[in-house]
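Per the working numbering, the very first residue in the sequence shown carries number 11; after that it's consecutive.
By construction, the Cβ of each residue, glycine as well, lies at the ideal position given by its N, Cα and C atoms.
Fair warning: this is a prediction, and the values are worked out from it, not measured in the lab.
Here the structure is laid out as structure tokens; the discussion comes afterwards.
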Amino acid sequence: MNAVEINNLTKYYGKSRGIIDVSFNVEEGEIFGFIGPNGAGKSTTIRLLLALIYPTSGSAKIFGKDCIKERHEIAKHIGYLPSEVFYYDNMKVMDLLRYSAGFYKKDCTRRIKELAGILDLDLSRKIGSSRWHRWQWSLCRYSPHILPIPKASEICSWDFLPKF
11 MNAVEINNLT
21 KYYGKSRGII
31 DVSFNVEEGE
41 IFGFIGPNGA
51 GKSTTIRLLL
61 ALIYPTSGSA
71 KIFGKDCIKE
81 RHEIAKHIGY
91 LPSEVFYYDN
101 MKVMDLLRYS
111 AGFYKKDCTR
121 RIKELAGILD
131 LDLSRKIGSS
141 RWHRWQWSLC
151 RYSPHILPIP
161 KASEICSWDF
171 LPKF
């Protein structure tokens with residue numbers, strides 16, 4: 011099954027081109043790198059997948075569900091980690107994760123501890139300013155089926171992926 015299906019996706023911002031006729035599929039379980047120069051449309055494509063903006067034409071599906079028509083259902087399975095993540099430096103990691111889970115009215119303590127174990131994170135430490143650590147904590151926070159990560163090559167340490 012395809013996790014992501016994009017067919018002839020086009021987005022114009024007024025008369026300016028965002029993307030034109032983009033098509034690709036991402037298989038479930040596949041790690042997919044989406045790279046290109048500035049202005050190529052990477053962020054536009056991600057925003058279209060997340061239904062943060064609407065396409066001019068074409069379609070995008072996640073796990074067979076239309077990204078626009080079924081965006082609320084899809085949102086349950088997607089996290090979005092922007093290239094810059096802002097947290098209170100003095101807040102403890104576990105406090106942040108519990109606070110975030112509260113928005114969804116879920117007790118995620120067990121899952122948070124499980125992911126922290128996989129990623130070897132200390133939940134009692136303060137957040138601090140390391141981009142890599144903030145990224146890891148955000149991964150625990152979302153625990154999604156699909157996680158678009160803009161500028162992933164600047165943030166990620168790829169040796170952790172086999173653990174996850």
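{"Asked": "Is it right to say residue 25 is buried, meaning 16 or more other beta carbons lie within 10 angstroms of its own, or is it exposed?", "Found": "exposed"}
{"Asked": "In whole angstroms, what separates the C-alpha of residue 79 from that of residue 73?", "Found": "13 Å"}
{"Asked": "Considering only heavy atoms of the ligand MG, does any lie closer than 6 Å to the CB of residue 66?", "Found": "The ligand content of the structure shown is nil, which means the ligand MG is not present either."}
{"Asked": "DSSP three-state label for residue 85, please.", "Found": "helix"}
{"Asked": "Buried or exposed: residue 51, going by 16 or more other Cβ atoms within 10 Å of its Cβ?", "Found": "buried"}
{"Asked": "Select from 45, 36 and 27 the residue whose C-alpha is nearest the C-alpha of residue 65.", "Found": "27"}
{"Asked": "Here's the rule: buried if 16 or more other CB atoms are within 10 angstroms of the residue's CB, otherwise exposed. What is residue 54?", "Found": "buried"}
{"Asked": "Excluding the 5 residues preceding and the 5 following residue 11 in the sequence, name in chain order all residues of the same chain whose CB lies nearer than 6 Å to its CB.", "Found": "38"}
{"Asked": "Consult DSSP for residue 19 and reduce its assignment to one of helix, strand or coil.", "Found": "strand"}
{"Asked": "Is it buried or exposed for residue 106, if we count other Cβ within 10 angstroms and need 16 for buried?", "Found": "buried"}
{"Asked": "Helix or strand or just coil, what does DSSP make of residue 135?", "Found": "coil"}
{"Asked": "Look at the alpha carbon of residue 15 and the alpha carbon of residue 134, and state the distance between them as a whole number of angstroms.", "Found": "40 Å"}
{"Asked": "By how many angstroms is the C-alpha of residue 86 removed from the C-alpha of residue 19?", "Found": "23 Å"}
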